[in-house]
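Here the protein sequences come in this chain order: D and A.
According to the working numbering, the residues represented by the first sequence are 7 to 213, in order.
According to the working numbering, the residues represented by the second sequence are 7 to 213, in order.
Here a beta-carbon is modelled for each residue, glycine too, at the ideal position from N, C-alpha and C.
It should be emphasised that the depicted structure is a prediction, and the values quoted were computed from it without experimental measurement.
2 protein chains.
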Amino acid sequence: MLEFTLEDLSAADVARLRDIYEPLTASVRELVDATIRTEADAETVAAVKADIDAAVARLRSRQLDGAFGVRHTSSGESMSWGNAVIGIRNALAPPVEVHRDQTGRTSADFHLGAAYEGPPGHVHGGVSALILDHVLGEAASPDGKPRFTGSITLRYVRATPLGPLHAEAIRTRTEGVKTYCAGHISDAEGVTVEAEGVFITPRRLRD
Amino acid sequence: MLEFTLEDLSAADVARLRDIYEPLTASVRELVDATIRTEADAETVAAVKADIDAAVARLRSRQLDGAFGVRHTSSGESMSWGNAVIGIRNALAPPVEVHRDQTGRTSADFHLGAAYEGPPGHVHGGVSALILDHVLGEAASPDGKPRFTGSITLRYVRATPLGPLHAEAIRTRTEGVKTYCAGHISDAEGVTVEAEGVFITPRRLRD
């Protein structure tokens, strides 16, 4: 059994834990996709369900009481491994891997498959909102301290096809506790969804 | 093997398919949660991963080429079973079951666990956007014909805790191809996120 205080994790510990859990999550993502798309017969589906239930029981034999939360390592690295957008242990997350360039611009390239569908063959409008909320929120937090969404507006330019996509955002200005950001999602043909948001510095991080 | 043209499905066929696939999806939702929360040792996790990979291979032995899409039964019922918010075959969907009352108001009661986390113990702001986009979109479509999000604005009143939640929306007015809707998410203490959106009648459904 792994015995650790997560807050005491070294970089090597984090790498070891990532090697344990990330491949499992990748397999569960495949399972989510296959569960939507399978046309296997009733007997096969029932047998698979029984195997999944057994797997769940083994994983739950030792588990956290609640959600994963956000942990910080001894080197100050943030582990949002349960996060719905970026969590490497969350099979709901594509996951989106957000990069930040020298200007503070955040961006991510990712792939959305069958599990993110709304209109046939296209990304659910709310999924675009989910991802843009996160990418704009990262742009609002260049110091690594979290800012929370105060408000966000999404404008849908055209339907976003399932497949390879790109998202990016910039911080446009800051006024006191409010940080303004703008961004978009695009496919190979150009922008499909635009976003503008106001992000709030939490009370505990204010001067 | 199931051999069918989905568009020819009777109500009994739909009920039979639901009985086959819905329990599998429920088990996969448990697996997603357990994958985030497990503290099982590396050997257990690796063994579970191997079992999941085998399950995926069995399900994929016969599957749809692409995403699920939206099917219509012989009685005109819409099957959005792959949908990211309401899909009963989509383990990413909580799922949200949207009801409509006589006034056209749409509402849903649902539970969000570890897989929907953003800030520790709280719902990711983008997940609230995802669900509100869908619940408002349903309010925009009282005739059962789809309307697509033109724009939507979310205002975050306070952080939404993980757990039992409620969402609802109403259509406020229609101007030509634009239908305006408003709604919110609430917990037992009151409203946490407000939304307003404009939904567009697709060209093929216009008079």
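Local Cβ density within 10 Å of residue i, reported as buried at 16 or more and exposed below that
i: LYS214 of chain A; result: Examination of residue 214 of chain A is not possible in this model, given that chain A is present from 7 through 213 alone.
i: GLY182 of chain D; result: exposed
i: GLU144 of chain D; result: buried
i: LEU211 of chain D; result: exposed
i: SER86 of chain D; result: buried
i: ARG164 of chain D; result: exposed
i: SER33 of chain D; result: buried
i: ALA201 of chain D; result: buried
i: GLU123 of chain A; result: buried
i: PRO170 of chain D; result: exposed
i: ALA90 of chain D; result: buried
i: GLY203 of chain D; result: buried
i: ALA21 of chain A; result: exposed
i: ALA18 of chain A; result: exposed
i: PRO100 of chain A; result: buried
i: PRO152 of chain A; result: buried
i: HIS190 of chain D; result: buried
i: ALA194 of chain D; result: exposed
i: ALA73 of chain D; result: buried
i: ALA52 of chain A; result: exposed
Helix, strand or coil at residue i according to DSSP, with G and I counted as helix
i: ASP71 of chain A; result: coil
i: HIS78 of chain D; result: strand
i: SER134 of chain A; result: helix
i: LEU118 of chain A; result: strand
i: VAL54 of chain D; result: helix
i: ILE191 of chain D; result: strand
i: THR109 of chain D; result: coil
i: ILE176 of chain D; result: strand
i: SER86 of chain D; result: coil
i: GLU103 of chain A; result: coil
i: LEU91 of chain D; result: The question names Leu, but residue 91 of chain D is Val in the sequence shown. Here VAL91 of chain D sits in coil by DSSP.
i: GLU123 of chain A; result: strand
i: SER16 of chain D; result: coil
i: ARG212 of chain D; result: coil
i: ALA146 of chain D; result: coil
i: ILE26 of chain A; result: helix
i: ALA21 of chain A; result: helix
i: ALA97 of chain A; result: coil
i: LEU8 of chain A; result: Annotation note: pLDDT 37 at LEU8 of chain A (below 50); position unreliable, no value reported.
Residues that DSSP places opposite residue i in a beta bridge
i: GLY156 of chain A; result: According to DSSP, GLY156 of chain A bridges with nothing at all.
i: LYS151 of chain D; result: In the DSSP output, where bridge partners are listed per residue, LYS151 of chain D has none listed.
i: GLY169 of chain D; result: D:LEU118
i: LEU204 of chain D; result: Reading off the sequence shown, one finds Val at residue 204 of chain D, where the question assumed Leu. Paired residue(s): D:SER157 and D:TYR186.
i: TYR162 of chain D; result: D:VAL199
i: VAL129 of chain D; result: D:GLU123
i: GLU181 of chain D; result: D:LYS184
i: THR44 of chain D; result: A:GLN69
Whole-number beta carbon distance between residue j and residue i, since they are thought to touch under 8 Å
i: ASN96 of chain A; j: ALA135 of chain D; result: Not really, about 17 Å apart at Cβ, beyond 8 Å.
i: GLY102 of chain A; j: HIS140 of chain A; result: Correcting the residue type first, residue 102 of chain A is Val in the shown sequence and not Gly. Right, the Cβ-Cβ distance comes to about 7 Å (below 8 Å), so this counts as a contact.
i: THR185 of chain D; j: PHE205 of chain D; result: 5 Å
i: LEU168 of chain D; j: GLY119 of chain D; result: 6 Å
i: ILE137 of chain A; j: ALA188 of chain A; result: Contact flag wrong, Cβ pair sits at about 15 Å.
i: TYR162 of chain D; j: GLY110 of chain A; result: So it is not a contact: roughly 23 Å between Cβ atoms.
i: PRO148 of chain D; j: ARG177 of chain D; result: 7 Å
i: GLY88 of chain A; j: ILE92 of chain D; result: About 23 Å; that fails the 8 Å criterion.
i: ARG24 of chain D; j: ALA46 of chain A; result: About 15 Å separates the two Cβ atoms, so there is no contact after all.
i: THR44 of chain D; j: GLN108 of chain A; result: That belief does not hold up - the Cβ atoms of THR44 of chain D and GLN108 of chain A are roughly 38 Å apart, past 8 Å.
i: ARG66 of chain D; j: ALA40 of chain A; result: 5 Å
i: PRO126 of chain D; j: VAL104 of chain A; result: Wrong, their Cβ atoms sit about 19 Å apart, outside the cutoff.
i: LEU160 of chain D; j: ILE158 of chain A; result: 5 Å
i: ASP57 of chain A; j: ASP57 of chain D; result: 6 Å
i: THR166 of chain D; j: THR207 of chain D; result: Actually they do not touch by this definition, with Cβ atoms about 31 Å apart.
i: SER84 of chain A; j: GLY150 of chain A; result: 7 Å
Cβ of residue i within 8 Å of any chain E Cβ
i: HIS140 of chain A; result: This model lacks chain E altogether; the protein chains it does include are D and A.
For this session: Indicate whether the contact test is met: 3 or more Cβ pairs, each with one atom in the segment 76 to 84 of chain A and one in the segment 19 to 36 of chain D, closer than 8 Å.
Result: The segment 76 to 84 of chain A makes no contact with the segment 19 to 36 of chain D; the number of CB pairs closer than 8 Å stays below 3.
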